[in-house]
Each structure stands twice: as structure tokens, then as C-alpha cells.
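**Q** First the structure, which I've put down as C-alpha cells, then a few questions once you've had a look.
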Amino acid sequence: MNDETILLVGHGSREKSGNDEIEAFAAQWRERQPGWRIEVCFIEFSEITMSEGLRRAAEGARRVVVVPLILNAAGHVKMDIPQAIDGARLKFPFVQFLYAPHLQACDPILAILRRRLKGAMQALDMPDPTTTGVVILGRGSSDRQANGDMAKMARWLMEETDHELVDLAFTGITYPRLEKAVQRQSLLGMTQVVVLPYYLFNGTLVERITRQVEHLKAQYPTIRFISTKYFGFEREIFELLEQRVTDLRRGAPIGLMPCDGCKFRDFAVEHGLGGHHHDDAVPHSHDHDHAHDHAHAEPPHPHDHAHDHPHDHGHDHGHDHAHAR
Ligand SMILES: C[C@@]1(CC(=O)O)c2cc3[nH]c(cc4nc(cc5[nH]c(cc(n2)[C@H]1CCC(=O)O)[C@@](C)(CC(=O)O)[C@@H]5CCC(=O)O)C(CC(=O)O)=C4CCC(=O)O)c(CCC(=O)O)c3CC(=O)O
Ligand SMILES: [Co+2]
């Protein structure tokens, strides 16, 4: 399929090494999939903006598959990328643009967290998990749906391990912050604390986390701290993205997102944005947590995040969250 471009959308960072890692990730992906034409662009902090990336991807292509290299769905996934795609559709009317779902809080991501936690426990010489607190440290957003998905991961990790205390903290925007989570874990008698940054690549935030953990070590000399590596290059990330691409090519409905807790609901209703089905009494029983088990065909769901579904004319933005049309 040489008339198709995969456009990988990374977040981007002021810390150049983070952007270099995303380029390196794309290079590794090309090695895994030599037949695919893979381009890269960034939401922020790069000359290769989304509009530039979309232009490059559209060149000589009949179809562009936009694949966000993003963990959670907040403003970037719900607003920024769809807006950029809308712009590209106007500029390149003969190119079809498909929008894949973000990575999501799902079992493959949980597998990475479990591997990181296991490695940390080994590095600590396997202490008692009941006195070893865990803190999943997410970026945080003002979207409670995205923040809630992280809470789900903390819960799942607790259910899959012997750690009794798996907390969630955020680097910014929302609370609690790492310091508060550690303060609580200290009061509850934890003698080890494992910090699991929920990040894909290096950046100013990851570097800040490293400094914060050093600070905490000095502040709590009786607690042993360990902070694990971000997970952009893990096998599961490549596999999730590949699943996204093959699902979209098949035209499978994927990445269903429930409306519960969605911060753009009122905005969309107020502005009468077409295609936004928040008021429909659609049961969310088939809200998929992972994009893996989509072998069964389902009718398109209004929250189907597979934008520009090839068989879904006139409703090309499945999860129509308030992007202007
Ligand atoms: C350092 C900083 C940039 C700077 O100023 O240098 C930075 C950096 C990075 N953000 C990343 C990720 C995300 N950023 C957001 C959202 C926002 N990020 C914003 C600020 C900042 N982000 C600056 C620090 C401010 C501070 O001190 O806290 C906000 C406030 C303003 C804005 O950017 O619009 C806006 C809040 C919107 C709201 O209110 O909700 C979301 C959620 C979403 O989608 O909206 C995700 C998750 C994406 C996912 O889920 O993957 C990554 C990639 C991490 C990785 O690799 O995983 C980096 C790279 C790095 O760390 O350098
Ligand atoms: Co950010």
C-alpha cells in the first residue's frame, strides 16, 4: 500500500532528547514494518508541526492514517489533533484522512507497568510488597475522564500484584502531587516507595520527576525510593500502534470512549455541534478497554473514535468532541 502514509503524532518537548527519541521510535517502527511509509510530526515544540506533518504525509498519498503516540485522551487527542486534521481535509480534498485512537489505559500498558514494578522490586532486593508503596505518576490534565483512566490503571495494578497501596499522583494540572502521595505513604508505614512515571519519552517533566525523587530521598531518609523508566520504546507500544493501523484499514469500530465524565460534553451540547451524540441514550456496555478484541463486527457506535470511518459517510468524526465543522 504505497499510496498510504502513516503519520505518527508525538507530543513534543522543549527537551530536545525527547523529540529525538520520538524520531528514533519512528525509525524502529519503520524497521519493524518495512512496507509502511511512516512520517512523524509533533503537537508542540518542534518545527515539524501537525500541519507540516499532514502536508508531508498527504504528498503523493491517497490515504493518511493519523496515529497519535499519546497515552490518554484529553485536549490534544480530543481537540488539537482533530482540528489539524480538519484543516488538512480542506487543503487536500482528494486525500482520505483516518484518525486512530490514542494508546488508552489498557492491558498492554498495564503489562509495561507490571514489568517496571517487578524490575524495581528486584532492584530493591525484593522487599515485602505490603510495606512497599507504589505511586503511578501521570502527567495530569483538566479532563477528568483522562485522569480517571489513570485511576483505573492504579486499581488494575493493585489487583494484579501483592502491593496493598497503589496510589496515583500527577505532575501537574491536577492533584495529588507526588510529594503529597509520598507523605501519605510514609504515614502509613511504607519503608519503600516505587514511583512509576506514566510517560512515553524523556522531556522536561520526566527530568523534573528525577529531581523530585532525589529531593524526596533526602527528605525521607528512612524510606528507600526507586523511580522507573518511561516506556515509549516498549514492544507493547509498537504493537498497540500496529493494531490501530490494521483495525482502521479493516474499517473496524475501535477505541470506543464512554461519554461519562467527558469535559467537552456541555461545550458540545451548548454549541450544537453536529454529530455529537452525548444526548443519545446509547448503552456503553461495549466500551472497550483494549483495542485487541475487536474481531467481532459491531455497528458503528456514536463514540467510535475511528474518525472518518470509510463506511460511515456524513459522520466522519466518530467521537465528535467539539471540533468546529
Ligand atoms: C513542560 C510542558 C511544556 C513546556 O512548557 O515546556 C509540557 C510538556 C509535556 N507534556 C506532555 C504531555 C501532555 N501534556 C498535556 C497537556 C498540557 N500540558 C501543558 C503544559 C506542559 N506540558 C508544560 C509543563 C507545565 C507544568 O509545569 O506542568 C498544558 C498546561 C499546556 C499545553 O501544553 O497546552 C496542557 C494542560 C491542558 C489541560 O489543562 O488539560 C497532556 C494532556 C492533554 O492531552 O491535554 C499530556 C498527556 C499526553 C498523553 O497522554 O500522552 C509531554 C509528553 C509526555 C510523555 O512523553 O508521555 C511533555 C513533554 C515534556 O515533558 O517535555
Ligand atoms: Co503537556
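Mapping of the sequence shown onto numbering that gives the first Met the number 0: residues 0 to 324, in sequence order. All C-beta atoms in this analysis are idealised placements derived from N, C-alpha and C, irrespective of residue type, glycine included.
1. How about Glu58: is its Cβ closer than 8 Å to a heavy atom in ligand 2?
2. Given a cut-off of 9 Å on the beta-carbon distance, is the pair Ala122 and Ile222 in contact?
3. Considering Cα atoms alone, identify which of Glu241, Gly250 and Phe200 is closest to Glu14.
4. Can you say whether Ser141 is buried or exposed, counting buried as having 16 or more other CB atoms within 10 angstroms of its CB?
5. How long is the line joining the alpha carbons of His302 and Glu178, rounded to whole angstroms?
6. Whether or not the region 41–57 and the region 2–18 are in contact is what I'm after, with contact meaning three or more pairs of Cβ atoms, one per stretch, closer than 8 Å; do they touch?
7. Based on Cα-Cα distance, which residue from Arg248, Asn71 and Arg115 lies nearest to Asp2?
8. Which residues in the same chain have their Cβ closer than 8 Å to the Cβ of Glu235, if we skip the five residues on either side of it in sequence?
9. Check for me: the beta strand (DSSP E) holding Ser45 runs from which residue to which?
10. Between Glu43 and ligand 2, is there a pair consisting of the residue's CB and a ligand heavy atom that are separated by less than 8 Å?
11. Using CA atoms only, rank isn't needed, just tell me which of Tyr219, Glu158 and Arg113 is closest to Lys228.
12. Are Pro67 and His101 touching if we call contact CB-CB under 9 Å?
13. Can you tell me which of Thr4, Ala104, Gly17 and Ile208 puts its alpha carbon nearest to the alpha carbon of Gly202?
14. Exposed or buried, what is Gln191 when buried is set at 16 or more other beta-carbons lying within 10 Å of its beta-carbon?
15. Between Pro175 and the rest of its own chain, which residues show a CB-CB distance below 6 Å, the 5 nearest in sequence each way excluded?
16. What are the boundary residues of the beta strand (DSSP E) that Phe169 is part of?
17. For Glu159 and Gln242, what's the separation of their Cα atoms in angstroms?
18. Measuring CA to CA, which of Asp166, Leu240, Arg55 and Val76 is closest to Ala145?
19. Would you mind working out which of Asp166, Pro92 and Asp79 sits nearest Gly59, comparing C-alpha positions?
20. For His88 versus Thr4, is the C-beta distance shorter than 9 Å?
21. Alpha carbon to alpha carbon, how far is Leu136 from Gln211? Give it in angstroms, no decimals.
22. Identify which residue in Ile69, Leu215, Thr245 and Gly132 has its Cα closest to the Cα of Leu187.
23. On the criterion of 16 or more Cβ atoms from any shown chain inside 10 Å, does His214 qualify as buried, or is it exposed?
24. Helix, strand or coil for Pro33? Go by DSSP, reduced to three states.
25. If I follow the unbroken beta strand (DSSP E) through Thr131, where does it start and stop?
**A** With the given structure in hand:
1. Outside the cutoff, so no.
2. no
3. Just measuring C-alpha positions, the residue of Glu241, Gly250 and Phe200 sitting nearest Glu14 is Phe200.
4. exposed
5. Any reading at His302 must be qualified, since the residue scores a pLDDT of 43, below 50, and its modelled position is unreliable; the value itself is stated next. Spanning the two alpha carbons is a distance of roughly 37 Å.
6. The region 2–18, when compared against the region 41–57, does touch it at the 8 Å Cβ threshold.
7. Arg248
8. Pro107, Ile108, Ala110 and Ile111, listed in sequence order.
9. It is not in any beta strand (DSSP E) - Ser45 carries neither H nor E in the DSSP assignment.
10. At least one heavy atom of ligand 2 is nearer than 8 Å to the Cβ of Glu43, so yes.
11. Arg113
12. yes
13. Gly17
14. buried
15. Ala168
16. Val165 to Phe169
17. 24 Å
18. Val76
19. Pro92
20. According to the sequence displayed, residue 88 carries Arg and not His. No, the Cβ-Cβ distance between Arg88 and Thr4 is not below 9 Å.
21. 12 Å
22. Gly132
23. exposed
24. In the three-state scheme derived from DSSP, where H, G and I count as helix and E and B as strand, Pro33 is classed as coil.
25. It spans Thr131 to Gly137 - the beta strand (DSSP E) in which Thr131 sits, taken as one unbroken run.
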